[in-house]
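Quick note on UniProt numbering: the sequence shown kicks off at 1 and runs consecutively.
Report on the following structure.
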Amino acid sequence: MAHGRGLHAALLRRLEAEQERCFYWLPVMIGLGIGIYFALPAEPSLLTALVPFSCVAAWRMATGSGGPRGLISALVLAALTAATLGFGLAKLRTEYVRAPVLTKQMGAAEVRGWLELVEPRAQRGQRLTVRIASIGNLAPDRSPERVRITTTRAGPDLKPGMPIRVRASLMPPSSPALPGDYDFGRQAWFKQLGAVGYTFSVPRIDDEAGEAPLDLRLWSYVERVRQVIGDRISAVLPGETGAMATALLTGERGGISNATNDAFRDSGLVHLLSISGFHMAVMAGSVFLAVRFLLALLPVIALRYPIKKWAAGIAMLAAFGYLLISGGAFATVRSAIMVAIMFFAVMLDRPALALRNVILAATIILVIFPESLLDVGFQMSFAAVLALVSLYEALRERPTWIALSERSYMRLAMFFGGIVLTTLIASAAVAPFGAYHFHTSQQYAVLANLIALPICNIVVMPAALVALVAMPLGLESWPLIVMGWGIDVTVWVAYRVAELPGAVVNVPAIPSYAFLLMVAGGLWLMLWRTRWRIGGLVLAAIGIALAPTLRTPDMLVGRDGAIVAVRDKDGALSALGGQRAGFELERWVEHDGWKSDLEQAVKGEAFRCDGVGCTASYAGVGIAVARHPAAFADDCRRAEILVSPLVSPRSCTQPKAVIDFFAARRHGAHAVYIARDGTIEIETVADARGERPWSMPPPRRRAAASAAAAVGDAPASGAIAGPASGDLADDGASSPTAIGTNPTPDNASELMIAPDRN
């Protein structure tokens, strides 16, 4: 009893010492509530969130508010209040953006609507985001709010706001490539993107369309300004240099080749490719310094007025303007909020680089966009910024650091040393996120950033700012040429570093519980101030130790049943149909880390094939892939696992598991686990996604129901999974492939995408 009271007293002393820091846990608890909402297997009611809150409130009323117990119960109640708020905000946001989503593929439908976004592709053609007026014979209440289609056909000079009509094949947003993988369908839900596809005809101006919605008309003016800026850049900087300059000024990255994207990703410089916190900070910071310098040249103003605050206000306006011309991408909005809070702090005579500002920015973003918690860019951005600001605050309190920073001859060394130190710290902070989401690690990120960041800081971004200011006067040529020189050097660095031996290391997927322990450890280390923060290192170490414990599938079946992979005798994946289904197989191999190789997997050496199908075995379990109806008679009798892109006959009940056309269509990709004793377990994408608004399966037809009944006779076939989305799944399904460990990776989710496949 005495020991328990001693622990209680020690805990109370710690909490009292950290009282000022308790506020820093506000976004963490809001995020916890949001995370619980998204983790549920079925859509909850809003009242669900009030249950734990009510229990703790009743407990606090029973225990009273005075004394040590009152303090602890107050903190617990505050934490659960924040978590309840997060849960409720996520639910409200889900309902607020609710819009129809296609549940099945449409062959050649006439799409009519207004262009929201026109994105040129590096290969050829354009990707169009269309606000829908009508789609074929679909009723208005079943028509998506917007669709994204790719066209390779020459047509009119398309601009945002234009009314168009075009014939296109449409399909639902893609489901994950395997259970637990990146879910583009969920991301599309919050963008009100109800379908993806490609065109059959040339887009035409729709003369019969009415006036576009007001918000679209207003935004179309901004989009046209962006297009003009892009055209002016291309006139001075043709080719990929111009494409990269356009990306840095307008956020349009479609002209950057896949090879360059890969080089920046593999070198750890991917955060430089699109507008992020780094670019926003350099751009707004340059405006702040320039305005303050110019005002300081006028003593009559400098001596009478707070020019520092004036410069901060103008820098905030510049950040907002940069946000507009950059296209308002999610990462850029995040960065603009962060920069605005920093300059607002300057206007209030508060430190700009303060942990409180980071916490406030995270809270605002989670309140406005609760779904951003699941965005890898948000996660990596705030992990890096939190680590860097925590380091800055720790160094700022040390007399030795202050003394060194005041010596002019040390400033250059501290500049480059700071780049190395910040890259190391940020890389360590984002490493768990890179391993969890992308299964890769960039080994030379420090080297690449040490060379490239000064170039971007000193040459590229200042020249970009001068070019923007000079464009209305037609004087942008020389600033753009200087910007192009800096871009060319940066591209050269990216290619050279990416070509170094061992530049990229593939990491097998890690379990969610290990990842969450690492994140919790990092937060504990960075948000507290006293010595018990060291406990965060213990949590992170436990997470790292548990990282290799994830059970990997022994067999995978694609979401349309056309691609099948099984482990060979060496434990690596060997795929059948991998040449045709590259994206899914890429994701499977990435998930497998160093265990598998894509070039080896596509050979399919674990399978033996004839004219009607293929066979393989793993752990003594026979696997058959029936490609022709003639194969069913033999395969249903001999195989323990039967896979087919066709509909299996009702009489095929002998296999332990049957995964046929309807099983794959309704349940998506299948992960099969085969024990040494021959026991078979199946996990499907539908199991992992649950019954949420963004994961509703396609309507069950009578034929599908009868086929499912036939499959249901097999012992393991009841666990078969999720909605099909077709080969276009990845629409630019914005599906991540890999990412570096970067100092400012808040644009990760926008950059780390597979090559566009819509």
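Idealized CB from N, CA, C, for every residue including glycine.
Here the structure is a predicted model, which is why all the values come from computation and not from measurement.
Where residue i falls: helix, strand or coil (DSSP)
i, result
"V504", "strand"
"Q443", "coil"
"I359", "helix"
"A296", "helix"
"A290", "helix"
"I674", "strand"
"V574", "This sequence places Ser at residue 574; Val is not what is there. In this structure, S574 counts as strand in the three-state DSSP scheme."
"R567", "strand"
"I510", "coil"
"P693", "helix"
"G474", "coil"
"A354", "coil"
"E371", "helix"
"A448", "helix"
"I275", "coil"
"G561", "coil"
"G268", "coil"
"L366", "helix"
"L12", "helix"
Own chain, CB closer than 6 Å to residue i, minus 5 neighbours either side, in chain order
i, result
"D266", "A498, A503, V504"
"F378", "S372"
"P649", "F632"
"A494", "A263, F264, S267, L269"
"C614", "L576, F607, V625"
"G536", "G521, W524, L525"
"A90", "I34, Y37, P370"
Own chain residues within Cβ distance below 8 Å of residue i, not counting five before or after
i, result
"R638", "G622, A624"
"P299", "none"
"R142", "P100"
"A352", "M342, F343, A345, V346"
"F23", "R356, I359"
Sequence-distant residues of the same chain with beta carbon closer than 7 Å to residue i, five excluded per side
i, result
"D727", "Here the model assigns D727 a pLDDT of 34, short of 50, so the residue's position is not dependable and the matter cannot be decided."
"F190", "V97, E371"
"E43", "E691, R692, P693"
"K595", "P508, G571, A572"
"E16", "none"
"I542", "L517"
"V28", "L523"
"R232", "M471, E476"
Beta-ladder partner(s) of residue i, from DSSP
i, result
"S45", "None, per the DSSP bridge assignment."
"I680", "I674"
Segment limits, alpha helix (DSSP H) that includes residue i
i, result
"I325", "307-325"
"I30", "26-39"
"M380", "376-396"
"S335", "330-347"
"L468", "461-470"
"R689", "685-689"
heavy atom of the ligand COA below 7 Å from residue i C-beta
i, result
"M347", "The ligand COA is absent from the structure shown, which contains no ligand whatsoever."
_4 or more residues per run - each alpha helix (DSSP H) lying fully within the stretch 515-559_ = The qualifying runs are 535-546.
*Continuous beta strand (DSSP E) assignments of at least 3 residues falling wholly in the UniProt domain "DUF4131" (47-202)*: Positions of the beta strand (DSSP E) runs, each at least 3 residues long and wholly inside the UniProt domain "DUF4131" (47-202), are given as 106-120, 126-135, 146-151, 163-171, 193-199 in order along the chain.
*Scan the stretch 584-670 and note each continuous beta strand (DSSP E) run of 3 residues or more that stays entirely inside, going in chain order.*
Segments of the beta strand (DSSP E) lying fully in the stretch 584-670: 613-618, 621-626, 641-643, 657-659.
*Mind pulling the alpha helix (DSSP H) runs of 4 or more residues that sit fully within the stretch 477-502?*
Entirely contained in the stretch 477-502, the alpha helix (DSSP H) runs reaching 4 residues are, in chain order, 477-498.
_Any alpha helix (DSSP H) of 4 or more consecutive residues that is wholly inside the stretch 204-259_ = As for any alpha helix (DSSP H) of minimum length 4 sitting wholly inside the stretch 204-259, the runs are 214-236, 239-250, ordered along the chain.
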